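See below for the structure under consideration.
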Amino acid sequence: MSEQKQSLMNLLETGATYYLSHISLDCVVFGFHENQLKVLLLKMKDRDKWGLPGGFVRKEESVELAANRVLKERTGLDNIFLQQFHVFSDPDRSNNKDLIESARKTGIEVTEDNWFAQRFISIGFYALVEFSQVKPTADAISDDCTWWDLHEIKSLMLDHNLILDKALETLRLHLNYQPIGYTLLPDKFTMPELQKLYETILGKKLDRRNFQRKITGYGILKRWEERRSGVAHKAPYFYSFDTEKYKQALQEGLDGGW
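See the structure below:
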């Protein structure tokens, strides 16, 4: 028996002993790479369906610890920026027929009264990570774990499209109050890269001069004399965030909208 199949069997047979009943969590992991907002997705085992990373809450841990544990298993990272954003409780949301069918295809029989086949209320978290630091890792009910461009994501399993849409909506609302640029970008970045990040999250084009005037006006950036090499046009300067000023500015809220 494969290690993955054994892990799935253990989850189905003994999960009710270790995890809280009827409570799950789903995590929308955002990264930014090559001017694209990325989302980490899992491909369900033996199914042509993708979904968000998720898991269950152990009886001795908080939901925040559970989310950190699940994401460390999927990304290899500790101390991920996590924000709880919504509870998903539609009675029909957790129809696990696809997952049960996938288990049966591997030779594992799942009865309808199995804890895994019951209704689950899910707590949604969004996570912000530095793309290059992540090592995507599949779980016991998945065949693959990889990054997707946000605009290429189509139909996901269960209500995961709804969860993703709600996370993106929340991310837009949090642009002026959470360290989104600091968390998603590398230590050094260019002004066009920062503007593209904001445009991708907001889903709209921003005027270059207005954006630069506004973002520099907050006093949260440090410009380096070093420039980006190998670009077609005039090489842009590198910037980095002044961490202390950024934190202070976020406490007060960055003025105005985008």
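Position 204 (the sequence shown) corresponds to 204 in our numbering; numbering is contiguous. No residue lacks a Cβ here, since even glycine has one placed at the ideal position from N, Cα and C. These numbers come from a predicted model, not from an experiment.
**Q.** Test item: CB-CB of I123 and M9 under 7 Å
**A.** If you number the sequence shown from 1, residue 123 lands on position 123. If you number the sequence shown from 1, residue 9 lands on position 9. No. Outside cutoff.
Q. Taking the alpha helix (DSSP H) that T75 falls in, what are its first and last residues?
A. Counting from one through the sequence shown, the residue named residue 75 turns up at place 75. Its alpha helix (DSSP H) spans residues V63 to T75.
Q. Excluding sequence positions up to five away, which residues of its chain have a Cβ less than 7 Å from the Cβ of N135?
A. As a first step, residue 135 must be located in the sequence shown, where it is residue number 135. The identity of residue 135 in the sequence shown is Lys, whereas the question assumes Asn. Result list for K135: T75 and G76, in chain order.
**Q.** R209 - DSSP class collapsed to helix/strand/coil
**A.** Stepping through the sequence shown from its first residue, residue 209 is reached at position 209. Of the three classes helix, strand and coil, the one that applies to R209 here is helix, per DSSP.
Q.
Less than 7 Å between the C-beta atoms of L52 and S142, yes or no?
A. Indexing the sequence shown from 1 puts residue 52 at position 52. Indexing the sequence shown from 1 puts residue 142 at position 142. In this structure, S142 does not lie closer than 7 Å to L52 by Cβ.
Q: In angstroms with no decimal places, state the Cα-to-Cα distance between G253 and R223.
A: What you label residue 253 is simply residue 253 of the sequence shown in a count that begins at 1. What you label residue 223 is simply residue 223 of the sequence shown in a count that begins at 1. If you take the alpha carbons of G253 and R223, they lie about 22 Å apart.
Q. F85 bridges to which residues according to DSSP?
A. In the sequence shown, counting from the first residue as 1, residue 85 sits at position 85. Looking at the DSSP assignment, F85 forms no beta bridge with any residue, so it has no partner.
(Q) I'd like the list of long-range same chain contacts for K72, defined as Cβ closer than 7 Å, with 5 residues on each side in sequence excluded. (A) Here residue 72 refers to the residue found at position 72 of the sequence shown. Cβ within range, chain order: D78.
Q. Hey, quick one: how far does the beta strand (DSSP E) through L41 stretch, first residue to last?
A. Stepping through the sequence shown from its first residue, residue 41 is reached at position 41. From DSSP, the beta strand (DSSP E) with L41 extends over Q36 to M44.
Q.
Please classify A235 as buried or exposed, where buried requires at least 16 other C-beta atoms within 10 Å of its C-beta.
A. Within the sequence shown, numbered from 1, the residue matching residue 235 stands at position 235. Counting of Cβ neighbours within 10 angstroms places A235 among the exposed residues, the total staying below 16.
Q) For W115, does the three-state DSSP call read helix, strand or coil? A) Sequence index remark: in the sequence shown, residue 115 carries index 115 (1-based). DSSP places W115 in helix when its eight states are reduced to three.
Q. Any contact of the stretch 9-18 with the stretch 144-152, i.e. 3+ C-beta pairs under 8 Å?
A. Result no; under three Cβ-Cβ pairs closer than 8 Å.
Q: Pick out the complete alpha helix (DSSP H) segments inside the stretch 155-213, 4 residues or longer, and give them in chain order.
A: Counting only runs of 4 or more, we get 160-173, 180-184 and 191-202.
Q) Which residue's Cα is closest to the Cα of T243: T200, Q178, S229 and Q195? A) What you label residue 243 is simply residue 243 of the sequence shown in a count that begins at 1. Closest option to T243, Cα to Cα, is Q178.
Q) Mind checking V87: buried by the 16 CB within 10 Å criterion, or exposed? A) Walking along the sequence shown from the start, residue 87 turns up at place 87. The residue in question, V87, is exposed, as its Cβ has fewer than 16 Cβ neighbours within 10 Å.
Q) What residues in its chain sit with their C-beta under 8 Å from that of D144, if we drop five residues either side in the sequence? A) Within the sequence shown, numbered from 1, the residue matching residue 144 stands at position 144. Closer than 8 Å at Cβ, skipping near neighbours: L42, K43 and A138.
Q.
When you compare the CB positions of L128 and T170, do they come within less than 7 Å of one another, or not?
A. If you number the sequence shown from 1, residue 128 lands on position 128. If you number the sequence shown from 1, residue 170 lands on position 170. T170 sits away from L128, with the two beta carbons spaced by 7 Å or more.
Q) When you compare only the Cα positions, how much space is there between L202 and V29? A) If you number the sequence shown from 1, residue 202 lands on position 202. If you number the sequence shown from 1, residue 29 lands on position 29. Cα-Cα distance, rounded: 17 Å.
Q) Which residue or residues does DSSP assign as beta-bridge partners of K222? A) Here residue 222 is taken as the residue at index 222 of the sequence shown, counted from 1. Residue pairing of K222 in beta bridges, as defined by DSSP: S240.
Q) Is G107 helix, strand or coil when you go by DSSP? A) Taking the first residue of the sequence shown as position 1, residue 107 is located at position 107. Coil at G107, not helix or strand.
Q: Determine the direct distance from the alpha carbon of D113 to that of I180, and round the result to whole angstroms.
A: If you number the sequence shown from 1, residue 180 lands on position 180. If you number the sequence shown from 1, residue 113 lands on position 113. Distance between the alpha carbons of I180 and D113 is about 42 Å.
(Q) Taking the beta strand (DSSP E) that W147 belongs to, which residues open and close that run? (A) Looking up residue 147 in the sequence shown gives position 147. W147 -> beta strand (DSSP E) spans S142 to D149.
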